[in-house]
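Quick note, my numbering runs 2 ahead of the 1-based positions in the sequence shown. All residues carry an ideal CB built from backbone N, CA and C; glycine is no exception. Since this is a predicted model, take the numbers as computed values, not measurements.
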Amino acid sequence: MSRIDALLGAMTLTEKLGQLTMTAAGSAVTGPFIAGDSTDAIRAGSIGNLLNLMGAEPVRELQRIAVEESRLGIPLLIALDVIHGYRTLFPVPLAETALFDPEVWERTAREAAREASAEGIAMTFAPMLDVARDPRWGRGVEGFGEDPWVGGCLARAKVRGYQGSDLSAADALAAVAKHYGAYGAVTAGREYAAVDVSERALREVHLPPFEAAVTAGVSSVMPAFTDLAGIPMTAHAGLLREWLRGRLGFDGVIVSDYNAIGELIAHGVASDRAQAAALALRAGVDIDMMADAYRYGLPEALQRGLVSAALIDEAVRRVLRLKERLGLFEDPYRRGTSPESSTAMAERRRFARAVGARAIVMLKNAGDALPLADSLRRLLVVGPLADAAAEMRGPWHAAASADGCVSVLAGLRAALPQMRIEHALGVDIDVEDTSAIATALRRCRQSDAVVLCLGEASLMSGEAASRASLDLPGRQRTLTESICKHARSCGKPVIAVLFSGRPLAVPWLIEQADAVLAAWFLGAEAGHAIADVITGKVSPSGRTPVSWPRAVGQVPIFFGQRPSGRPADPANRYSSRYLDVANDPLFAFGHGLSYGRFKLSSLRVTPESLGADETLAIQVDVLNEGRRAAQETVFLFTHRPLASVTRPLLELKGFAKIELRPGESATVTLQLPATELRYLGPDLQPVLEAGAVEILVGPCADRAQLLQKTVQVRASGASRLPPPS
Ligand code: NOJ
Numbered sequence: 003m004s005r006i007d008a009l010l011g012a013m014t015l016t017e018k019l020g021q022l023t024m025t026a027a028g029s030a031v032t033g034p035f036i037a038g039d040s041t042d043a044i045r046a047g048s049i050g051n052l053l054n055l056m057g058a059e060p061v062r063e064l065q066r067i068a069v070e071e072s073r074l075g076i077p078l079l080i081a082l083d084v085i086h087g088y089r090t091l092f093p094v095p096l097a098e099t100a101l102f103d104p105e106v107w108e109r110t111a112r113e114a115a116r117e118a119s120a121e122g123i124a125m126t127f128a129p130m131l132d133v134a135r136d137p138r139w140g141r142g143v144e145g146f147g148e149d150p151w152v153g154g155c156l157a158r159a160k161v162r163g164y165q166g167s168d169l170s171a172a173d174a175l176a177a178v179a180k181h182y183g184a185y186g187a188v189t190a191g192r193e194y195a196a197v198d199v200s201e202r203a204l205r206e207v208h209l210p211p212f213e214a215a216v217t218a219g220v221s222s223v224m225p226a227f228t229d230l231a232g233i234p235m236t237a238h239a240g241l242l243r244e245w246l247r248g249r250l251g252f253d254g255v256i257v258s259d260y261n262a263i264g265e266l267i268a269h270g271v272a273s274d275r276a277q278a279a280a281l282a283l284r285a286g287v288d289i290d291m292m293a294d295a296y297r298y299g300l301p302e303a304l305q306r307g308l309v310s311a312a313l314i315d316e317a318v319r320r321v322l323r324l325k326e327r328l329g330l331f332e333d334p335y336r337r338g339t340s341p342e343s344s345t346a347m348a349e350r351r352r353f354a355r356a357v358g359a360r361a362i363v364m365l366k367n368a369g370d371a372l373p374l375a376d377s378l379r380r381l382l383v384v385g386p387l388a389d390a391a392a393e394m395r396g397p398w399h400a401a402a403s404a405d406g407c408v409s410v411l412a413g414l415r416a417a418l419p420q421m422r423i424e425h426a427l428g429v430d431i432d433v434e435d436t437s438a439i440a441t442a443l444r445r446c447r448q449s450d451a452v453v454l455c456l457g458e459a460s461l462m463s464g465e466a467a468s469r470a471s472l473d474l475p476g477r478q479r480t481l482t483e484s485i486c487k488h489a490r491s492c493g494k495p496v497i498a499v500l501f502s503g504r505p506l507a508v509p510w511l512i513e514q515a516d517a518v519l520a521a522w523f524l525g526a527e528a529g530h531a532i533a534d535v536i537t538g539k540v541s542p543s544g545r546t547p548v549s550w551p552r553a554v555g556q557v558p559i560f561f562g563q564r565p566s567g568r569p570a571d572p573a574n575r576y577s578s579r580y581l582d583v584a585n586d587p588l589f590a591f592g593h594g595l596s597y598g599r600f601k602l603s604s605l606r607v608t609p610e611s612l613g614a615d616e617t618l619a620i621q622v623d624v625l626n627e628g629r630r631a632a633q634e635t636v637f638l639f640t641h642r643p644l645a646s647v648t649r650p651l652l653e654l655k656g657f658a659k660i661e662l663r664p665g666e667s668a669t670v671t672l673q674l675p676a677t678e679l680r681y682l683g684p685d686l687q688p689v690l691e692a693g694a695v696e697i698l699v700g701p702c703a704d705r706a707q708l709l710q711k712t713v714q715v716r717a718s719g720a721s722r723l724p725p726p727s
């Protein structure tokens, strides 16, 4: 008999429900490391999984209680939001997406897994795979931005990175793909609000990143808090049991979001805890995070005939199977026994600095204001985010301490010891008091250049951080205008470093500052990374993974929009456009300048006519015409001008990066298999239709900057492909 069968045979109902329960503990960092009666409950076998427990000691102690003092000795599954690092923070996910480098995406996850597992964590609630096209929604910071194809690449890299090749390894974490699905489409960008998207949008946009994660072997999935067209995801049997498990073949654990089962009552689909628990279990949710609905509701649901004992066993089996795969039965302490070497930690910080510098997106650089000229002697570093180490962490920071982060001021002082660097606050992030602007201006008069550090506070994005405005909070605009007015009058460069967890609609800032760096939240080494770019030690290479709107009224904004029957035409009132603002974003997806200057030419695509089993080879020459070595990112888009359903104006199908010295040129090659040209036909079945396909290659999603060739797909209705198994 297998270990799991034997355990199931021996377990009481209480012990079974314990395995389906996940409860929050405190941490060594935040205080008492276990809440309420949890220690006794672990002993009694009625809590089998924990979240929010940090520190090797407390983790080990609670694991010891479970293993040595509970009747069956089943080890705990200990989980945490390890989103972009555990103690050493890397850039927030949206920022690291800007690297367009799956190797880096994988390695940051690997490093985070090493660090967290060294303190006994076995599961992370990451990656977040929600497509985010509405920057009012603050959670976009935790994901990859607007494009589902990017989401698929990131999903694969993250699952590999967290889980490694062997989930039972001491440094592997079980990954959780969240929040299934379409959470990013909340009404009006408002956190936790209702979602109602079409079946096509769901299948084409929101689900593909999750499909990629499942194919990559993700161990767990978390349904979103939200409903989808009237059915809360936590109770969505159609999408959990039928689509995820049945259609995609996912056999891992489904873990609810925090109290989401209890919230089925507030959604108005369950009248009490027993019914809520039954709905979730029947939909396929295995672990109840924080609602205690399974522990206290399922016994009654069983009595009322709302669920069967077999259904409970099925969920318990999946949880035990995950614990087994994680190697917890063999050695419950394999994670958390060997502290990391100081060399490994120092190396990780170096890596965080390099990734941080590469995540910066240079939005503007007029008159080559950057890198800062060597001739400058006095620099003013000003603004509410200039000396704000703790803010650099972003909204999720696991066990990272505030003083472990480098501020912009500290980074610049370390990088430019010969320069006199003054600091001024100017204004706070979101208060109305402008009295400190005068001091800032006085210091500005005495300086040769200004680094203006503006933005949102780190908690203005992330969970429960929707904003109706995409402008800078507080009086930062007043500060900027005063500084820029003075600087302009005497020709001093103003470099704006903009911190945010979303693209901000700040055309006024882009216009007034000489250079603007989108610095998101870059983590532990933020200040050093920013200094590396400002001083020219590193040429910026980040490319924005989200379209930057001109005005909040443009959202949702994304490059993959479908064509209108009346495309925008300034000469035609009755065309699809705004009266008061252009349709296009201020910065297109993929935009980002470097210290090089690149020219793309000679797009070649072979063959010109493509069969269903063939692959296109796409080549383009890239020349660095600038005076400095730099990295260019080349994006590959397609468009179907004629199909049985309207197709997006651009669809991303690939990207590549290339590093070139001044004057150097090289050829970039991308492959595009015909299967990538499939889409869902009118009946939502995947088809590869015959006809023309535009191949568009260039630096960003602005059509005017793309080189284009057209190829023909030689296929017909007969080439309808079976749906993915
Ligand atoms: C709620 C969030 O939505 C989810 O992403 C997170 O993993 C859980 N809380 C646990 O912290």
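Using a threshold of 7 Å, is the CB atom of residue i nearer than that to any non-hydrogen atom of the ligand NOJ?
i           : result
residue 488 : no
residue 53  : yes
residue 260 : yes
residue 160 : no
residue 465 : yes
residue 430 : no
residue 86  : no
residue 181 : yes
residue 149 : no
residue 582 : no
residue 227 : yes
residue 591 : no
Have a look at residue i and residue j and give me their C-alpha separation to the nearest angstrom.
i           : j           : result
residue 19  : residue 349 : 43 Å
residue 426 : residue 442 : 5 Å
residue 114 : residue 86  : 7 Å
residue 660 : residue 675 : 22 Å
residue 29  : residue 124 : Note that residue 29 has pLDDT 46, beneath the 50 cutoff, so the model's placement of it is unreliable and the number below is only indicative. Roughly 16 Å between the two C-alpha positions.
residue 621 : residue 665 : 19 Å
residue 524 : residue 205 : 32 Å
residue 195 : residue 180 : 17 Å
residue 176 : residue 373 : 42 Å
residue 436 : residue 485 : 13 Å
residue 43  : residue 309 : 24 Å
residue 667 : residue 636 : 14 Å
Let me check understanding here. Comparing Cα to Cα, which of the options lies closest to residue i?
i           : options               : result
residue 684 : 75, 201 and 181       : 201
residue 638 : 623, 655 and 402      : 655
residue 88  : 64, 118 and 104       : 118
residue 388 : 454, 370 and 343      : 454
residue 403 : 410, 411 and 391      : 391
residue 420 : 411, 379 and 488      : 379
residue 729 : 169, 132 and 210      : Residue 729 is absent from the model: the chain starts at 3 and stops at 727.
residue 112 : 167, 231, 287 and 300 : 167
residue 514 : 141, 366 and 393      : 366
residue 473 : 494, 431, 27 and 26   : 431
residue 6   : 271, 319, 371 and 636 : 319
residue 139 : 127, 466 and 55       : 466
residue 605 : 707, 586, 585 and 547 : 707
residue 355 : 532, 341 and 274      : 532
residue 536 : 481, 417 and 609      : 417
Which term fits residue i, buried or exposed, when burial requires 16 or more other beta carbons within 10 angstroms of its beta carbon?
i           : result
residue 581 : exposed
residue 615 : exposed
residue 73  : exposed
residue 517 : buried
residue 601 : exposed
residue 447 : exposed
residue 487 : exposed
inquiry  = Which runs of the alpha helix (DSSP H) at least 4 residues long sit entirely within the region 144–186? Give them in chain order.
reply    = With a minimum length of 4 residues, the unbroken runs of alpha helix (DSSP H) contained wholly in the region 144–186 fall at 150–165.
task = For the region 264–326, list the alpha helix (DSSP H) runs that are entirely contained and at least 4 residues long, ordered along the chain.
result = If one requires a minimum length of 4 residues, the alpha helix (DSSP H) runs lying completely within the region 264–326 are 266–269, 275–285 and 295–305, in chain order.
message = At 4 residues or longer, what runs of the alpha helix (DSSP H) sit wholly inside the region 517–579?
response = Runs of the alpha helix (DSSP H) lying entirely within the region 517–579, each at least 4 residues long, are 528–537 in chain order.
message = So within the region 423–471, which uninterrupted alpha helix (DSSP H) runs reach at least 4 residues, ignoring any that extend past its ends?
response = 439–447, all fully within the region 423–471.
key: Those runs of the alpha helix (DSSP H) which lie wholly inside the region 97–148 and span at least 4 residues   = The qualifying runs are 104–119.
key: In chain order, each alpha helix (DSSP H) run of at least 4 residues that lies wholly inside the region 46–74   = Qualifying alpha helix (DSSP H) stretches, in chain order: 58–66.
Ranges of the beta strand (DSSP E) found wholly within the region 369–420, counting only runs of at least 3 = Qualifying beta strand (DSSP E) stretches, in chain order: 380–384.
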